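Chains as they are written, first to last, in the working numbering: chain A, 98 to 211; chain B, 363 to 476. Scroll down for the structure; my scribbles are underneath it.
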Amino acid sequence: AQSVTQLGSHVSVSEGALVLLRCNYSSSVPPYLFWYVQYPNQGLQLLLKYTSAATLVKGINGFEAEFKKSETSFHLTKPSAHMSDAAEYFCAVSGETGANNLFFGTGTRLTVIP
Amino acid sequence: DAGITQSPRHKVTETGTPVTLRCHQTENHRYMYWYRQDPGHGLRLIHYSYGVKDTDKGEVSDGYSVSRSKTEDFLLTLESATSSQTSVYFCAISDSGSSNQPQHFGDGTRLSIL
């Protein structure tokens, strides 16, 4: 079975500070991993995805994530937080079935302090 | 944004009543999914469809049924709603069942069952 664990349900950073959101995965097969962002009263928007082409993945809005197999991690980072980054972030791993089912973490709410 | 429309966006109903949520897409994608989002649980898959009249269960399918009579529409039905089904429901679509392909989400339906 596949799963992801997001450490920290709430993270607060100052504007301009480094953003680090943690995600660890469990998978019996080489995983495909995704980060999504959810703004209030909206659906989920894809930030970036790891599909084994490169371990460092760049996404939208200045976010990036690094796949580390030895640590089973896929942490999301951004060098300098902006007020508009305040949202909830979800890490997800794709399933082993042929239907591309996603398994989501419980989410991390990011607050940016002015 | 992917052409996904969920209706209604908000609904309040009483325990024991039937409820149907609709997901409509204009992308001609083969795969469609229904998730529910609850605090502390992230998103969990209810049912998915891999083609017209082809559906399968997800992680939390009890109490829900689905139908897909056309490529563009995927209906989620609660035959007899219970308070535990109060949640935010998201529809997602994907053009492939390959695990490296992202899903694209609608804006959600907020359902309250009193």
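Where a beta carbon is used, it is the ideal one built from N, C-alpha and C, also for glycine. No experiment lies behind these values; they were computed from the predicted model shown.
Would you give the residue range spanned by the beta strand (DSSP E) that residue i belongs to?
{"i": "B:L476", "result": "Segment: none, B:L476 is in no beta strand (DSSP E) and carries neither H nor E."}
{"i": "A:T152", "result": "Careful: A:T152 lies outside any beta strand (DSSP E) and carries neither H nor E."}
{"i": "B:T382", "result": "V381 to Q387"}
{"i": "A:R119", "result": "V116 to S123"}
Is DSSP giving residue i helix, strand or coil here?
{"i": "A:S100", "result": "strand"}
{"i": "B:Q463", "result": "coil"}
{"i": "B:D400", "result": "strand"}
{"i": "B:D469", "result": "coil"}
{"i": "A:N158", "result": "helix"}
{"i": "B:Q447", "result": "helix"}
{"i": "B:D435", "result": "strand"}
{"i": "A:D182", "result": "helix"}
{"i": "A:Q135", "result": "strand"}
{"i": "A:S177", "result": "coil"}
{"i": "B:D416", "result": "strand"}
Evaluate residue i with the Cβ neighbour count: other Cβ atoms within 10 Å of its Cβ, from every protein chain shown; 16 or more gives buried, anything less gives exposed.
{"i": "A:V101", "result": "buried"}
{"i": "A:P172", "result": "Going by the sequence as given, residue 172 of chain A is His instead of Pro. It is buried - the Cβ of A:H172 has at least 16 other Cβ atoms within 10 Å."}
{"i": "A:K175", "result": "buried"}
{"i": "B:H409", "result": "buried"}
{"i": "A:E185", "result": "buried"}
{"i": "A:N198", "result": "buried"}
{"i": "B:V454", "result": "Per the sequence shown, the amino acid found at residue 454 of chain B is Ala instead of Val. Answer is buried; the Cβ neighbour count reaches 16."}
{"i": "B:M394", "result": "buried"}
{"i": "A:A98", "result": "exposed"}
Do residue i and residue j have their C-beta atoms within less than 8 Å of each other?
{"i": "B:T444", "j": "B:G413", "result": "no"}
{"i": "A:T208", "j": "A:A183", "result": "yes"}
{"i": "A:L144", "j": "A:F164", "result": "no"}
{"i": "B:L476", "j": "B:E376", "result": "yes"}
Could you tell me whether the Cβ of residue i comes closer than 8 Å to any Cβ of chain D?
{"i": "B:P380", "result": "Judged by its chain identifiers, the structure shown contains no chain D, and its protein chains are A and B."}
Three or more C-beta pairs closer than 8 Å, one from the region 454-473 of chain B and one from the region 136-151 of chain A: is that the case here?
yes
Contact between the region 143-163 of chain A and the region 125-132 of chain A (3+ Cβ pairs under 8 Å)
yes
Count the CB pairs spanning the region 377-386 of chain B and the region 398-406 of chain B that are closer than 8 Å, and state whether there are at least three.
no
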